[in-house]
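This report refers to the structure that appears directly beneath it.
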Amino acid sequence: MPILEQKNIRESQAQLSKTFISRYNMNILCSKSKICYRLIADTLADRLKRLEANTIFTNSLLLIAFHFSTTDFIVRMFVTVYVNVLAYFINDFIDVEIDLKAEDKDHAKALFIKENKRTAFALIVFMSTFILIFTLFYSKSICFGVILVLFVIFIYTDYFKNRAYLDIFGCFLWGMALPWIAIPDFSLEGIKYILLLGLFSCCTEIAQCVKDYESDKKYGLKTTPIVLGIPKTFLLAKVIYVVAAAYTLFVLRQFAGLFILIPVFFSTSQPVTQYWFKLRIVFGMVWFVIMVRIYFGT
Numbered sequence: 004m005p006i007l008e009q010k011n012i013r014e015s016q017a018q019l020s021k022t023f024i025s026r027y028n029m030n031i032l033c034s035k036s037k038i039c040y041r042l043i044a045d046t047l048a049d050r051l052k053r054l055e056a057n058t059i060f061t062n063s064l065l066l067i068a069f070h071f072s073t074t075d076f077i078v079r080m081f082v083t084v085y086v087n088v089l090a091y092f093i094n095d096f097i098d099v100e101i102d103l104k105a106e107d108k109d110h111a112k113a114l115f116i117k118e119n120k121r122t123a124f125a126l127i128v129f130m131s132t133f134i135l136i137f138t139l140f141y142s143k144s145i146c147f148g149v150i151l152v153l154f155v156i157f158i159y160t161d162y163f164k165n166r167a168y169l170d171i172f173g174c175f176l177w178g179m180a181l182p183w184i185a186i187p188d189f190s191l192e193g194i195k196y197i198l199l200l201g202l203f204s205c206c207t208e209i210a211q212c213v214k215d216y217e218s219d220k221k222y223g224l225k226t227t228p229i230v231l232g233i234p235k236t237f238l239l240a241k242v243i244y245v246v247a248a249a250y251t252l253f254v255l256r257q258f259a260g261l262f263i264l265i266p267v268f269f270s271t272s273q274p275v276t277q278y279w280f281k282l283r284i285v286f287g288m289v290w291f292v293i294m295v296r297i298y299f300g301t
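Numbering (the working numbering), first residue to last: 4 to 301.
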């Protein structure tokens, strides 16, 4: 066979090999992209269904109240939604084995995470790295908020969540971490207001822990209601309502703090889901009134 013909055959074979490898890599990339999309979409859908994306509401009001520019509003809301989804995804990733055993969890979502654990971990690393680099160049204060969120979600899910009193303290930190993104950079005034959100988060976490009492006890967890007992846990919640009301009235000097006392009179014999939902309504209304007053400077 002529040398030239052999050379052409080798070049054709090499080209076919490159085409095959390229298509194979493209198929893998498309497959991984679909897996990543479903991982994030499942987490987002689950949280929206359970009405757990309340930070979007609180942060949007903060941004409006403090008169952020349109560009800043868009960027900070993007970071809020992005980090919210990332944090919940990290929570689902760490809790995958617990969620598979729990009766009230989405087993299909948990099983999909377990089957694609390496991809899920790589996605967490990529998403975390991207948002840290992006916010570092945009605002060091926002970047600090993102670091705080990632730190809290890891330590809360892996350690605080299943330990009495620390579960509530962890939610206090969580309640402050995400709103940090929506306050003026390292603003003492802004920090004073998100402290109130931390107290609100403590109260809703208590209701959530009471709701999960039976399943948590079944798996040997040591949450606050299990160690303290449900009646005393509700009493602790009432103490926090009073503290939050006093803080709002005397530190923030906002009359809306009086309405925080309303849950003190809620019946603890009603279904916990109703109790939790009513809490969110009261806290949401109080927060709205406070933000309106800040916006108008009253």
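Just so you know, even glycine gets a beta-carbon here, dropped at the ideal spot from N, CA and C.
So, residue i versus residue j, is the Cβ gap smaller than 8 Å?
i      : j      : result
Ile93  : Phe157 : yes
Ala167 : Trp279 : no
Ala247 : Ile263 : yes
Lys221 : Ile229 : no
Leu88  : Leu51  : First, the residue type needs correcting, since residue 88 is Val and not Leu in the sequence shown. Cβ distance not < 8 Å, so Val88 and Leu51 don't count as in contact.
Cys206 : Leu261 : no
Gly178 : Phe203 : yes
Asp45  : Lys112 : yes
Phe154 : Phe163 : no
Asn165 : Lys225 : yes
Ala259 : Leu65  : no
Quick check: what's the CA-CA separation for residue i versus residue j?
i      : j      : result
Gly300 : Gln257 : 12 Å
Arg296 : Ala123 : 43 Å
Phe133 : Val242 : 41 Å
Ile293 : Ser190 : 17 Å
Val149 : Leu139 : 10 Å
Asp98  : Thr160 : 7 Å
Asp102 : Leu42  : 15 Å
Phe96  : Ile116 : 7 Å
For a test of the three-state rule: what should DSSP assign to residue i, helix, strand or coil?
i      : result
Arg256 : coil
Ile297 : helix
Asp161 : helix
Ala105 : coil
Please go through the same chain and pick out, in chain order, the residues whose beta-carbon is closer than 8 Å to the beta-carbon of residue i, but skip the five residues on each side of it.
i      : result
Tyr141 : Val78
Ala267 : The question names Ala, but residue 267 in the sequence shown is Val. Contacts found: Lys241, Tyr244, Val245.
In the DSSP assignment, what residue or residues form a beta bridge with residue i?
i      : result
Lys225 : Arg166
Excluding the 5 residues flanking residue i on each side, which residues of the same chain have their C-beta closer than 6 Å to its C-beta?
i      : result
Ala68  : Met294, Ile297, Tyr298
Thr271 : Phe237
Lys214 : Val275
Using a Cβ-Cβ cut-off of 7 Å (strictly less than) and excluding sequence neighbours within five positions of residue i, which residues of its own chain qualify?
i      : result
Val84  : Ile59
Ile284 : none
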